[in-house]
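Chemist: Have a look at the structure that comes next, please.
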Ligand SMILES: Nc1ncnc2c1ncn2[C@@H]1O[C@H](COP(=O)(O)OP(=O)(O)OP(=O)(O)O)[C@@H](O)[C@H]1O
Ligand SMILES: [Mg+2]
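In the numbering used here, the protein residues as written are 23 to 289.
Below, the structure written as structure tokens:
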């Protein structure tokens with residue numbers, strides 16, 4: 023199952039993506055977690071060994087690799103291959119994390135709004151396509167805020183799009199855009215998740231705001247200061263506060279996704 027996690031900046035994408043990846047791995051699934059954000063902080067939430075973390079370089083910043091893959095021998099400058107060979111890259115550059123999970127740091131796509139097809143973007147887009155369509159493990163992708171960088175081809179193969187919102191109108195506005203775009207890209211299973219929910223009142227307002235949407239609220243995760251404490255200490259919430267109410271709620275979300283996986287693939 024290929025899971026993408028999206029939403030506005032700061033809503034909790036990385037916390038949720040990383041915790042879900044860990045839970046799948048703990049349960050014995052083969053897991054590849056993908057960091058597609060320039061901030062590169064998924065490694066913390068996954069609980070990757072600091073010594074390994076120091077060595078991480080995003081694929082988008084590996085100039086020699088990018089050039090080697092996209093250059094066309096003898097072509098004038100500015101001409102390059104937009105569908106480079108990438109199938110060996112995930113296994114070559116992934117690193118091992120707790121519970122046997124693997125992490126691949128892609129880095130972000132530059133100038134997403136312009137649909138720029140510079141060499142890095144060509145490589146990252148092709149890699150995302152390859153990860154979504156060609157891999158057989160559970161793939162969890164932590165996307166950069168927004169989805170503008172996704173094209174129809176790149177999004178092909180995303181089985182589940184988790185759209186994360188905070189209880190705020192701005193965040194919900196962006197979710198609506200992400201949901202519409204995801205549909206246009208052909209993604210079928212789109213799930214809205216409210217994070218950092220403080221009260222039933224907030225939940226009621228969110229539900230009220232989305233009552234016309236055809237994507238209902240799939241799950242809600244409470245606001246829990248221990249998630250922030252885990253973040254501050256550079257640890258995975260699963261290691262730092264495994265029994266906190268937010269982590270318990272993410273475990274419930276995991277159970278729902280596992281049931282969904284069964285429905286989608288084990289028929
Ligand atoms: N349920 C929660 N309760 C309290 N704090 C939370 C919760 N979920 C996430 N946070 C905190 O919110 C902040 C943002 O979380 P996170 O980095 O996961 O968001 P993000 O969407 O990945 O952000 P960015 O867009 O910057 O990548 C962090 O400090 C994190 O600890
Ligand atoms: Mg993040």
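Positions of the beta carbon are idealized from the N, C-alpha and C atoms, including for glycine.
Predicted model only: the values in this text are computed from it and were never measured.
Which whole runs of the beta strand (DSSP E) in the stretch 150-215 are 3 residues long or more, in chain order?
Modeler: 160-165 and 182-187
Chemist: Taking the continuous alpha helix (DSSP H) assigned at residue 42, which residues delimit it?
Modeler: 35-48
Chemist: Whole alpha helix (DSSP H) runs in the stretch 54-113 with 4 or more residues, listed along the chain?
Modeler: 64-68, 72-76 and 85-92
Chemist: Measuring straight from C-alpha to C-alpha, what distance separates residue 127 and residue 32?
Modeler: As the crow flies, the alpha-carbon of residue 127 is around 19 Å from that of residue 32.
Chemist: In whole angstroms, give me the CA-to-CA distance for residue 93 and residue 83.
Modeler: In a straight line, the C-alpha of residue 93 is about 16 Å away from that of residue 83.
Chemist: Is it true that the CB of residue 176 sits closer than 9 Å to the CB of residue 151?
Modeler: yes
Chemist: What number of angstroms, rounded off, separates the C-alpha of residue 49 from the C-alpha of residue 140?
Modeler: 39 Å
Chemist: At the level of alpha carbons, what is the spacing between residue 71 and residue 121?
Modeler: 12 Å
Chemist: For residue 36, count the other beta carbons within 10 Å of its own beta carbon; 16 or more makes it buried, fewer makes it exposed. Which is it?
Modeler: buried
Chemist: Measuring from the CB of residue 160, is there a heavy atom of ligand 1 at a distance below 8 Å?
Modeler: Flag unset: Cβ of residue 160 not near ligand 1.
Chemist: Could you tell me whether the stretch 269-286 touches the stretch 240-247, where touching means 3 or more Cβ pairs closer than 8 Å?
Modeler: yes
Chemist: Tell me whether the beta-carbon of residue 55 lies closer than 9 Å to the beta-carbon of residue 145.
Modeler: no
Chemist: Does the beta-carbon of residue 247, which I'm using as the reference point, lie nearer than 8 Å to any heavy atom of ligand 3?
Modeler: Absence of ligand 3 from the depicted structure is noted, with ligand 1 and ligand 2 being the only ligands included.
Chemist: Can you list, in chain order, the residues of its chain with a C-beta nearer than 6 Å to that of residue 39? Leave out the 5 residues immediately preceding and following it.
Modeler: 27, 162 and 164
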